[in-house]
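Heads up, the thing below is written out as structure tokens.
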RNA sequence: UGGGGAGUCGCCAAGUGGUAAGGCAGCGGCCUUUGGAGCCGCCAUUCGGAGGUUCGAAUCCUCCCUCCCCAGCCA
């Protein structure tokens, strides 16, 4: 695999610009990581691994108002879960606050930074617009001594929040607004989750980021497109601060996925307004949610690889994510039978009170995964959807008079339907052919369908949570109010699914394929008393597609 | 109307002057004790548009069009 970033890295290695590659993944601990971050993580760590370099996990913790240790813990967890390691403790921009402060004084001494006493509103007014140049602040030409004194008073807590800021002295007329004397430090009398009450001034991202990269010896600082026009400022700082190393910034397009939202602000709203049950609700696009839902780290890494890295805005189809998941789980998930919406079938010619066991493969794709025993008896449950009293043309499943195969068991023929007073089918009567034990007929006849089933007397009860997309339109942002597009049916809870007994002691987070239905994983809400499964993804169902197309 | 980016199949994405990779989705067919999986085939005479250079252009030049980002003491 290659992309323009890797080409740059290779070229730098080839021509001796760098002897090794050092990248970094720099999340702000103000929310949970989502699938978009996964792309960046896979890029940064992937490049480092591929070229024998190193990738740091560095928290960009320069704004104590929004950041929390809990988020930082979750982020460390998620990156590890994805399969990456940075050796040792994570790094923090806040580890460099002393150095960053010293360099700020350096800029002041060099006449390249000044303390501005204008208010936030006044600064905005002086900034100009996209088409008009800005105006210089009346405080722009304070002496070095005055600036130093003021900046130290800012640091020492003598000034209120908003009373002053430290600004770079660059060019108020620059067509690039980021160069119109950007703010470097602001006053925030706020405790920081790591430095506590030590500081009451905090550096801005634009100031802290390039210098942190320099401190860490980052060779390639990879970020998203919206920072492209911050690069001149990034370079200005590297140029004008006596840094020990000169990192370079490269920008790539962030990942977007259809049928979901990706901005932290919107995800936070979904959580705080109760539209989902927390950051790791399996319907969320967060890594924690995908993990809880049953996604594998490998599937997400493969997805990130397939998506590619370029500078073009993109919206990836969720089906690609689902494909990557199925591809992995198909090979690794043990098969099991479970019935979501049970319909009783009484096999009238099977002796009452007796039962037998069948050997069923744990994974037809991989014989080394072995087999398991599945009990069978006179009464079994099948899926309600697998029976139709008056089947249309292409419906191959069970119907009156029709013979189908019960997977790994026998051929059964439906002989009768039992209905309640309202006319609903409540039970089926059937006969089985003892000669078809194991699922093959000596005379070679082959039913058109094979159904999954569970022996009623052996079945275990479980809650199964079925998830659908959180939003019912491809682009929830369209029209302004993304909440208006929430899918009211994104969660359906099956209270009493019937599962084969082999899953009775399935540990949390273990993944299975329920044959013909999809991939399921044991939720963390699960207990010995009550098994709870999440449906990670459905299997492709050709009949659903045929009937769906015909029905609408 | 300032600056910075981007435009190749429904969605991604290779391609870097020699005659449009690949993946997902979709559509056919084969196979099947999961209507799963697998396998086979189809799916851009055309690269935002118009000119031009060239034996030859998605790739070079010119003009035009469209989309995205930037006016936080957020990142």
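Residue numbers (my numbering): 23 to 574. The beta-carbon is built from N, C-alpha and C at its ideal position, and this holds for glycine as well.
Cβ-Cβ separation, residue j to residue i (assumed contact under 8 Å), whole Å
i: residue 365; j: residue 488; result: The Cβ separation is near 18 Å, so there is no contact.
i: residue 507; j: residue 525; result: Wrong, their Cβ atoms sit about 36 Å apart, outside the cutoff.
i: residue 81; j: residue 51; result: 5 Å
i: residue 391; j: residue 522; result: Not quite, the Cβ-Cβ distance comes to about 16 Å (not below 8 Å), so this is no contact.
i: residue 492; j: residue 477; result: In fact, because the Cβ distance is near 36 Å, the residues do not count as touching under 8 Å.
i: residue 108; j: residue 85; result: Rounded, the Cβ-Cβ distance is 23 Å, inconsistent with contact.
i: residue 480; j: residue 397; result: 4 Å
Bridge partner(s) assigned by DSSP for residue i
i: residue 455; result: 433
i: residue 520; result: 361, 483
i: residue 135; result: 190
i: residue 242; result: 270
i: residue 398; result: 378
i: residue 214; result: 218
i: residue 560; result: 540
i: residue 121; result: Paired residue(s): none; residue 121 is not in a bridge.
i: residue 383; result: 393
i: residue 426; result: 434
i: residue 439; result: 450
i: residue 368; result: 401, 451
i: residue 514; result: 488
i: residue 45; result: 77
i: residue 225; result: 207
i: residue 317; result: In DSSP, residue 317 forms no bridge with anything.
i: residue 475; result: 404
i: residue 505; result: Looking at the DSSP assignment, residue 505 forms no beta bridge with any residue, so it has no partner.
i: residue 420; result: 409
Identity of the residue in the options nearest residue i by Cα
i: residue 374; options: 120, 401, 198; result: 401
i: residue 428; options: 167, 492, 459; result: 459
i: residue 257; options: 247, 248, 268; result: 268
i: residue 354; options: 320, 332, 372, 327; result: 320
i: residue 160; options: 404, 65, 203; result: 203
i: residue 554; options: 133, 562, 517; result: 517
i: residue 343; options: 176, 48, 559; result: 559
i: residue 569; options: 510, 505, 418, 455; result: 418
i: residue 530; options: 363, 106, 539, 550; result: 550
i: residue 244; options: 513, 66, 436; result: 66
i: residue 48; options: 116, 37, 556; result: 116
i: residue 132; options: 170, 141, 157; result: 170
i: residue 546; options: 533, 53, 497; result: 533
i: residue 357; options: 301, 395, 515, 566; result: 395
i: residue 287; options: 280, 274, 301; result: 301
i: residue 403; options: 332, 154, 448; result: 448
i: residue 73; options: 45, 61, 91, 58; result: 45
i: residue 509; options: 498, 519, 502; result: 498
i: residue 236; options: 270, 206, 218; result: 270
i: residue 542; options: 484, 565, 467; result: 484
i: residue 293; options: 480, 544, 94, 505; result: 505
i: residue 291; options: 445, 79, 53; result: 53
i: residue 275; options: 197, 338, 186; result: 338
i: residue 94; options: 114, 263, 361, 462; result: 114
i: residue 247; options: 184, 206, 333; result: 333
i: residue 38; options: 108, 158, 232, 241; result: 241
i: residue 362; options: 462, 283, 486, 398; result: 486
i: residue 281; options: 430, 340, 330; result: 340
i: residue 462; options: 71, 425, 482; result: 425
i: residue 209; options: 216, 221, 215, 410; result: 221
Residue i burial status per 10 Å Cβ neighbour count (16 or more: buried)
i: residue 318; result: buried
i: residue 382; result: buried
i: residue 199; result: exposed
i: residue 313; result: buried
i: residue 548; result: buried
i: residue 23; result: exposed
i: residue 316; result: buried
i: residue 440; result: exposed
i: residue 574; result: Note that residue 574 has pLDDT 37, beneath the 50 cutoff, so the model's placement of it is unreliable and the number below is only indicative. Exposed: under 16 other Cβ atoms inside 10 Å.
i: residue 412; result: exposed
i: residue 76; result: buried
i: residue 232; result: buried
i: residue 515; result: exposed
i: residue 527; result: exposed
i: residue 141; result: exposed
Quick one: complete alpha helix (DSSP H) runs, 4+ long, within the segment 52-113?
Entirely contained in the segment 52-113, the alpha helix (DSSP H) runs reaching 4 residues are, in chain order, 57-72, 91-103.
Taking only runs that begin and end inside the segment 328-359, name each unbroken beta strand (DSSP E) of 3 or more residues, in chain order.
You should have found no qualifying run.
Hey, which unbroken runs of the alpha helix (DSSP H) at 4 residues or more fall wholly within the segment 255-315?
The segment 255-315 contains these whole alpha helix (DSSP H) runs: 286-294, 309-315.
Within the segment 153-199, note down every full beta strand (DSSP E) run reaching 3 residues or more, in order along the chain.
Fully enclosed beta strand (DSSP E) runs of 3 or longer: 187-190.
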